[in-house]
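Line by line, the protein sequences give chains A and B.
Okay, so the first sequence: first residue is 1 according to UniProt numbering, each after it adds one.
Okay, so the second sequence: first residue is 1 according to UniProt numbering, each after it adds one.
2 protein chains.
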Amino acid sequence: MNEMKILIRGFGTVGQEVARVLDKKRNVFKDKFGLKFDLVGVEDSKGSALSEDGLNIERLLSTKKKTGSIKEKGDKLGINEINYDLLIECTPTNIKDGEPGLSNILNALKDGNDVITSNKGPLALKWNKLAKTAEKNNAKLKFEATVGGAIPIINLAENSLASNKISSIIGILNGTCNYILTRMAAESLPYEHVLNEAQDLGIAESDPTYDVEGIDTALKMVIIANSILGAEASYQDVDIKGIKEITTESLELAEEKNKTIKLLGKADKEKIEVEPRMVPKDHPLSVGGTLNIATLETDLAGEITVTGKGAGASETASSVISDLIEIWKERN
Amino acid sequence: MNEMKILIRGFGTVGQEVARVLDKKRNVFKDKFGLKFDLVGVEDSKGSALSEDGLNIERLLSTKKKTGSIKEKGDKLGINEINYDLLIECTPTNIKDGEPGLSNILNALKDGNDVITSNKGPLALKWNKLAKTAEKNNAKLKFEATVGGAIPIINLAENSLASNKISSIIGILNGTCNYILTRMAAESLPYEHVLNEAQDLGIAESDPTYDVEGIDTALKMVIIANSILGAEASYQDVDIKGIKEITTESLELAEEKNKTIKLLGKADKEKIEVEPRMVPKDHPLSVGGTLNIATLETDLAGEITVTGKGAGASETASSVISDLIEIWKERN
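Now the structure itself:
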């Protein structure tokens, strides 16, 4: 590949940050990896901007900021006619049917195009179909950004620990829950109070269901279990318990035993679980605030643990673009 | 490359474990990565065993165990005549002149052969020469095993976090020191007492100088700073302070502030330091026992921390063979 033609579908916070970083680091990536690229198309919920010669990213971001969309009048090409090598799929997660991400990804893979996604829905619902479609069409499908934000869990398992058999994974993969439990424990404050605080700070969403009921963690664990452990699981297979029923009393009881309560995701090849569990305070999994963490149990390297920020536009872009660089290396 | 011809120089604990794991996982690696290999030569301090058609690894390990060497009588080829693709260099670290590892590695690179090493000496003394020789001859030089045992620090920076600029690295990279400080703090025992205990347990060597004076940590930090930060430093450039003068009193004082003392290595592009420092007990760097840990400060992903076992034959083999798989992928 002389030059990578990139299409971004979904141009919210993550999509925009990916474009911004790609543009800002264009010369660094060219010098370091020989990477040359053009952003040939962007689609948001209102329309698309397309150019076979490459869009001006700075102008695109500025238009999006001013008008709320990147839609350009009089596009000669439809999004399905544009010629590209890599789809970066950043539409929002939908756990009912995975759309529109699922169709976006499948269409790209069927045409033999590589895909990077930050969208958990399609992978947690239709892993087998996606993996098989990618394999059949000799297309690459990468998704580090879907699990643990900036933390490289998938890449760690597949590359850095390639010599190992990984038997299980345990982790804290939702920063909102971790923030709420950390604050509840530190200040002896009730759940509702801390949730409100988290919402004021922008750490929890106005409808926090998806996070606090453990759904987000479950989706991530399914993706991890399927890709790293070969589990062939779907979101429906996960036993899920969230944090809404955790009381200050139970946290105080844990404290007396020098423990704390964390919402843990656990997966081995047979079973995926999400539930609040007691963790000794000096245990590596006892990280506070909005941090995420994952421990991989391996046969040669023992337990390898990785910690970092689990969310944020820049952190998610870090994973998306690291995947992009890997695809560039593999294709060249 | 149809088949990777491997030469192992240095056949102590690490070299043997690498051979053992390669043999045991031969079919797994073939199925998973298409990796095919022959071990065409092994050299220990007493001699060598060579075979262009591939040595029988099981027999080789059994011979080594029984006789203390793998030297075979009547080898028709000398070690310099054998045809190979990859040198795995596992001779012991020598910080005076890096030999015999330095010459072993340079000779391999000059012939355009790839090299993986677990030997810190050559890299910490002659980084520039080695990096340039590799580049000039289009040969790959990988060395994950030299820093942090099982923990993938180099690979994490180069691949998983490829989109990031890494500005500094801080970590605990010597398990012996970490064990001694952890035990001293937990039991209020003096340095000499805990050192003896560590020696009895095989955690500290009979001559512990290399570990307790911070030399081992310094070598690792030089390798990390050069390869990840582009520092062009040498071992002589490091400010080193070890742990021999840490008293139980200073640990108790730290404890009063809810802190503990750790031997930390720190590197940015300008400066590399190794010294004991106070760390808050709830800080991610406050890991106990023989664990190693490294935190990478990045521009996009924030702080990414990785923890695991820093030593051990199986852990070191994990890193060596993960590097081997990466080279195989890059060459195919």
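Even glycine gets a Cβ: it sits at the ideal position worked out from N, Cα and C.
Q) What's the call for B:P280, buried or exposed, on a 16-neighbour Cβ count within 10 Å? A) B:P280 should be labelled exposed.
Q) With 8 angstroms set as the bound, which would you pick, yes or no: does the beta-carbon of B:E135 sit closer than that to a beta-carbon of chain A? A) Residue contact check for B:E135 against chain A: no CB pair falls below 8 angstroms.
Q. What's the gap between the Cα of A:N113 and the Cα of B:N80?
A. When rounded, the separation of the alpha-carbon atoms in A:N113 and B:N80 is 46 angstroms.
Q) Looking at the unbroken alpha helix (DSSP H) that takes in A:T63, where does it start and where does it end? A) Per DSSP, A:T63 belongs to the alpha helix (DSSP H) from 57 to 67.
**Q.** DSSP state of B:L324 mapped onto helix, strand, coil
**A.** If DSSP states are grouped into helix, strand and coil, B:L324 belongs with the helices.
Q. Going by C-alpha distance, which of A:A150, A:E52, A:A186 is nearest A:S319?
A. It is A:A150 whose Cα lies nearest to the Cα of A:S319.
Q: Indicate whether at least one CB of chain A lies closer than 8 angstroms to the CB of B:A233.
A: For B:A233, the answer is no, since every Cβ of chain A falls outside 8 angstroms of its Cβ.
Q) What's the gap between the Cα of A:D97 and the Cα of B:R183? A) Approximately 54 angstroms between the Cα atoms of the pair.
(Q) Would A:P122 and A:I105 qualify as a contact pair, given that the criterion is a beta-carbon distance under 8 angstroms? (A) Contact check for A:P122 against A:I105 passes: the beta carbons are separated by less than 8 angstroms.
(Q) Once DSSP output is grouped into helix, strand and coil, what is the label at B:T307? (A) Note: B:T307 maps to strand in three-state DSSP.
Q.
Which residue wins for smallest C-alpha separation from B:S118, given the options B:G148, B:I325, B:D268?
A. The alpha carbon of B:S118 has as its nearest neighbour, out of B:G148, B:I325, B:D268, the alpha carbon of B:G148.
Q: Tell me whether B:D44 sits in a helix, a strand or coil according to DSSP, three-state version.
A: DSSP, reduced to helix, strand and coil, places B:D44 within a strand of the structure shown.
Q) Cα separation between B:K132 and A:G288? A) Roughly 43 angstroms separates the two Cα atoms.
Q: Can you grab the Cα-Cα spacing for the pair A:S227 / B:V28, in whole Å?
A: Computed Cα separation, rounded: 17 angstroms.
Q.
Would B:S69 and B:K36 be called neighbours here (beta carbons separated by less than 8 angstroms)?
A. Taking 8 angstroms as the Cβ cut-off, B:S69 and B:K36 do not qualify as a contacting pair.
Q: Pull up the CB-CB distance for A:T305 and A:K220, whole angstroms please, since I reckon it's below 8 angstroms.
A: Rounded, the Cβ-Cβ distance is 16 angstroms, inconsistent with contact.
Q. Of the choices A:T248, A:V274, A:S234, whose alpha-carbon is the least far from that of A:K129?
A. Checking every option, the nearest Cα to that of A:K129 belongs to A:S234.
Q | Neighbourhood of B:E58 by C-beta, 7 angstroms cutoff - its chain only, sequence neighbours within 5 removed | A | Around B:E58, the same chain offers D23 as residues with beta carbons nearer than 7 angstroms, after the five sequence neighbours per side are excluded.
Q: Using only alpha-carbon positions, find the residue among A:E232, A:G175, A:V115 that is nearest to A:L7.
A: Comparing Cα-Cα distances from A:L7 to each of A:E232, A:G175, A:V115, the minimum goes to A:V115.
Q: Could you tell me which residues DSSP pairs with A:I88 in its beta bridges?
A: DSSP lists A:I8, A:I116 as partners of A:I88.
Q.
Measuring only the C-alpha atoms, how far is A:H283 from B:K25?
A. Approximately 32 angstroms, taken between the alpha carbons.
Q. Out of curiosity, what's the CA-to-CA distance linking A:I293 and B:V14?
A. When rounded, the separation of the alpha-carbon atoms in A:I293 and B:V14 is 30 angstroms.
Q) Okay, do the stretch 204 to 220 of chain A and the stretch 155 to 169 of chain A touch, 3+ Cβ pairs below 8 angstroms being the bar? A) Taking a cut-off of 8 angstroms for Cβ pairs, the stretch 204 to 220 of chain A and the stretch 155 to 169 of chain A do not touch, as fewer than three such pairs fall below it.
Q. Taking all protein chains shown into account, do 16 or more other C-beta atoms lie within 10 angstroms of the C-beta of A:T217, making it buried, or fewer, making it exposed?
A. Per the 10 Å Cβ criterion, buried.
Q. Name the chain A residues whose beta carbon is nearer than 8 angstroms to that of B:E89?
A. None at all; the shortest Cβ gap to chain A is about 17 angstroms.
Q. Are the C-beta of A:N159 and some C-beta of chain B separated by less than 8 angstroms?
A. Chain B places a beta carbon closer than 8 angstroms to that of A:N159, counting this residue as a contact.
Q: Quick one: list the residues of chain B neighbouring A:A124, beta-carbon separation under 8 angstroms, in chain order.
A: Within 8 angstroms Cβ-Cβ: nothing; A:A124 doesn't reach chain B, min ~22 angstroms.
Q | Nearest candidate by alpha-carbon position, reference A:L263, set A:L161, A:D53, A:E89, A:I170 | A | For A:L263, the closest C-alpha among the options A:L161, A:D53, A:E89, A:I170 is that of A:I170.
Q.
Could you compute how far the alpha carbon of B:T307 sits from the alpha carbon of B:A225?
A. If you take the alpha carbons of B:T307 and B:A225, they lie about 18 angstroms apart.
Q. Using 8 angstroms as the Cβ pair cut-off and three pairs as the minimum, do the stretch 183 to 193 of chain B and the stretch 188 to 202 of chain A touch?
A. Cβ pair count under 8 angstroms is below three, so no.
**Q.** Extent of the continuous beta strand (DSSP E) run through B:T295
**A.** Under the DSSP assignment, B:T295 falls in the beta strand (DSSP E) whose first and last residues are 291 to 298.
**Q.** Which listed residue (A:K140, A:A124, A:L324) has its alpha carbon closest to that of A:E232
**A.** Each of A:K140, A:A124, A:L324 was checked against the Cα of A:E232, and the nearest Cα belongs to A:A124.
(Q) So, at 6 angstroms on beta carbons, what are the nonlocal neighbours of A:N155 in its own chain, with the 5 sequence-adjacent residues on each side left out? (A) Hits under 6 angstroms: E144.
**Q.** Whole-number beta carbon distance between A:G230 and A:K269, since they are thought to touch under 8 angstroms
**A.** In this structure, A:K269 and A:G230 form a Cβ contact; the two beta carbons are roughly 7 angstroms apart against a cut-off of 8 angstroms.
Q: Flag this pair as yes or no: are the beta carbons of A:I180 and A:I243 separated by less than 8 angstroms?
A: The answer is yes: Cβ separation under 8 angstroms.
Q.
Give me the DSSP bridge partner(s) of A:A49.
A. Answer is A:V42.
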